[in-house]
Amino acid sequence: LMKKLPNPTLLDTGLPQQLQIFNYVQEVSAETPPVIDSTDVLKNPRGILSALCNRLSIKFSELMLEWPPGIRESDGIWAKHWYPEVETTTGWRPYKAKDTIVPKELEKVLDECNKIYEQLYPHRITV
Numbered sequence: 128l129m130k131k132l133p134n135p136t137l138l139d140t141g142l143p144q145q146l147q148i149f150n151y152v153q154e155v156s157a158e159t160p161p162v163i164d165s166t167d168v169l170k171n172p173r174g175i176l177s178a179l180c181n182r183l184s185i186k187f188s189e190l191m192l193e194w195p196p197g198i199r200e201s202d203g204i205w206a207k208h209w210y211p212e213v214e215t216t217t218g219w220r221p222y223k224a225k226d227t228i229v230p231k232e233l234e235k236v237l238d239e240c241n242k243i244y245e246q247l248y249p250h251r252i253t254v
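Here our numbering is used: the first residue of the sequence shown is 128, the next is one more, and so on.
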């Protein structure tokens, strides 16, 4: 996000909104909505996506693991901001740990993000 916005805020991350949606769904349905951690998906795409499909009672498809390169109609308005690398891929790339340095002025935002992440993380789909 720091590459896209020079001074991102907590709201810019979308995490508060995700937590709000999570809590709302849990409240109105009395069920815990599925949570997916991107690291888990990158480490085991087949396993996590299969588990997600099972949890949602939908059929898993091998098409979830491979796709043709290029732009798709379904990419939406955010594609030009988030998808340039995705457009060059044909499948999930292996997980690579990132050594991101967070500027001092964004440490508070990172701490706030981590608090929300830690609330959602225990509910993530695992295999």
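Think of the CB as a built atom: it goes at the ideal place given N, C-alpha and C, for glycine as much as any other residue.
(message) Tell me the DSSP secondary structure of G203 in three-state form.
(response) The residue you call residue 203 lines up with position 76 of the sequence shown. Judged by DSSP in its simplified three-state form, G203 adopts coil rather than helix or strand.
(request) Determine the DSSP secondary structure at G174, reduced to helix, strand or coil. (result) On the sequence shown, position 47 is the one that residue 174 refers to. Three-state result, G174: helix.
(message) Just to confirm before moving on: does the CB-CB distance between P195 and T217 stay below 8 Å?
(response) Residue 195 sits at position 68 when you count from the first residue of the sequence shown. Residue 217 sits at position 90 when you count from the first residue of the sequence shown. Cβ atoms of P195 and T217: closer than 8 Å.
(message) Are the CB atoms of I163 and L179 within a distance shorter than 8 Å?
(response) As a first step, residue 179 is located in the sequence shown; it is residue number 52 there, counting from the start. As a first step, residue 163 is located in the sequence shown; it is residue number 36 there, counting from the start. Yes, they are a contact pair.
(message) Taking the alpha helix (DSSP H) that D139 belongs to, which residues open and close that run?
(response) As a working mapping, residue 139 is identified with position 12 in the sequence shown. Segment 137-140, the alpha helix (DSSP H) holding D139.
(message) What does the Cβ neighbour count give for I148, buried or exposed, with the cut at 16 atoms within 10 Å?
(response) Along the sequence shown, read from residue 1 onward, the residue named residue 148 stands at position 21. Residue environment for I148: exposed (fewer than 16 other C-beta atoms within 10 angstroms of its C-beta).
(request) Verify whether the separation of the beta carbon atoms of Y222 and L169 is less than 8 Å. (result) Looking up residue 222 in the sequence shown gives position 95. Looking up residue 169 in the sequence shown gives position 42. Closer than 8 Å, so yes.
(message) With a threshold of 8 Å on Cβ separation, who are the neighbours of Q144 within its own chain once the five nearest residues in sequence on each side are excluded?
(response) Position 17 of the sequence shown, counted from the start, is the residue given in the question as residue 144. Cβ within range, chain order: L138.
(message) Tell me the rounded alpha-carbon separation between I252 and N150.
(response) Here residue 252 is taken as the residue at index 125 of the sequence shown, counted from 1. Here residue 150 is taken as the residue at index 23 of the sequence shown, counted from 1. Rounded to the nearest angstrom, the two C-alpha atoms are 17 Å apart.
(request) Alpha carbon to alpha carbon, how far is V236 from P230? Give it in angstroms, no decimals. (result) Taking the sequence shown and counting its residues from 1, the one referred to as residue 230 is at position 103. Taking the sequence shown and counting its residues from 1, the one referred to as residue 236 is at position 109. CA-to-CA, the gap between P230 and V236 works out to about 10 Å.
(message) Assuming contact is defined by CB atoms lying nearer than 8 Å, are T140 and C240 in contact in what I supplied?
(response) Within the sequence shown, the letter at position 13 stands for residue 140. Within the sequence shown, the letter at position 113 stands for residue 240. The Cβ atoms of T140 and C240 lie closer than 8 Å to each other.
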